[in-house]
Amino acid sequence: MLFDPNIFFAQLVSPDYIKGAALSVGVAIVSLILATVIGFFMAIGRTSGKTYLQGPAHLYVWFFRAIPALLVLLIMWNALPQLIPALRADWFSPFVAASVGLGLVEAAFMSEIIRSALLSVDDGQPLAGRALGMSPAKVMLKVVLPQAIRIALPPTGNEFIGLVKYSSLASVISLRELLTTAQVGVNITFRYAEYYAAAIVYYLVIVSVLSVLQGLLEKRFAWTSKTTKPKKTAGAVLGDKVGIS
């Protein structure tokens, strides 16, 4: 069976592939937002120095780093609705289950990224803010976070790209994202090369766009130190003119 370009190009502009790609990106966005919020509080707990905050934060990170994301998705979609009747309603869709499940798992990793970014800020910075009369919340918002964001952006961008790919795991809970869309076409036509190649192109485009956006964000938060040369004295200028160093 030879590769059929007509089938391949037809899938590239197929509404099913476009919708599948949008679902993959949507799940990744919602999951990352949820993971960042939870991960921030977990990171604060782990760096607080208070045992009653460190304990739950350590437990959360340990638990979700140990459990496979696929198992979490299966629990979210199959097990929890049996235990919680409210989850049997129509609003609890595969998209919601996938976003929450991946977000909970990703929060454990985002916690480590945010924690390392917070620890990278010199201890003297918050102390200086407090000395100026800032409240702890204001020190966090005005002093610590702007510096921590710069450190956390590159690994966060990598995690987001990973989430786009991990969204393919949601096929087990009936979410028709990009890879599932390709698999459905394969099951109908048995044209593996054309349908999978179209999915590859979509993933390449998505990751390329995200990489460009990540680069722009990193430039936006990058620090530039502008150094100005000290002005020369009249004697130094005269010395330069006559060749005296």
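Here the sequence shown stands for residues 1 to 245, numbered as in UniProt numbering.
For each residue, glycine too, the CB sits at the ideal point set by N, CA and C.
* Asked: Which residues in the same chain have their Cβ closer than 6 angstroms to the Cβ of F40, if we skip the five residues on either side of it in sequence?
  -> I114
* Roughly how many angstroms lie between the CA atoms of G101 and L141, to the nearest whole one? -> 29 angstroms
* To do: Only counting runs of 4 or more residues, tell me where the alpha helix (DSSP H) segments fall wholly within the stretch 100–180, in order along the chain.
  => 124–131, 136–139, 145–166
* Report back the beta-carbon spacing between A199 and L179 to the nearest angstrom; my notes put them in contact at under 8 angstroms. => 6 angstroms
* **Closest residue to P146 among L118, G162, A128, A57 (Cα-Cα distance)** => L118
* Asked: Alpha carbon to alpha carbon, how far is G133 from V143?
  -> 13 angstroms
* Asked: For the alpha helix (DSSP H) that contains G26, what are its first and last residues?
  -> 15–47
* Asked: For the alpha helix (DSSP H) that contains I200, what are its first and last residues?
  -> 192–221
* Asked: Can you tell me where the alpha helix (DSSP H) with P81 in it begins and where it stops?
  -> 80–83
* Residue closest to I149, alpha-carbon to alpha-carbon, out of Q214, V186, E194, G185 -> Q214
* Asked: Taking the C-alpha atoms as reference points, what is the distance between G239 and K219?
  -> Only weak support is given to the placement of G239: the predicted model assigns it a pLDDT of 46, under 50, and the value that follows is read from those uncertain coordinates. Distance between the alpha carbons of G239 and K219: 41 angstroms.
* Asked: By Cβ distance, which residues of its chain are closer than 7 angstroms to A10, with the 5 residues on each side in sequence left out?
  -> none
* To do: Have a look at L2 and L71 and give me their C-alpha separation to the nearest angstrom.
  => 38 angstroms
* To do: Let me know if D4 comes out buried or exposed under the rule of 16 or more other beta-carbons within 10 Å of its beta-carbon.
  => exposed
* To do: Starting from the C-beta of S168, find all residues in its chain whose C-beta is less than 6 angstroms away, skip the five residues before and the five after it, and write them out in chain order.
  => L179
* Asked: Taking DSSP as the reference, what is the three-state secondary structure of residue 249?
  -> The chain is shown from 1 up to 245; residue 249 falls before or after that span and cannot be answered.
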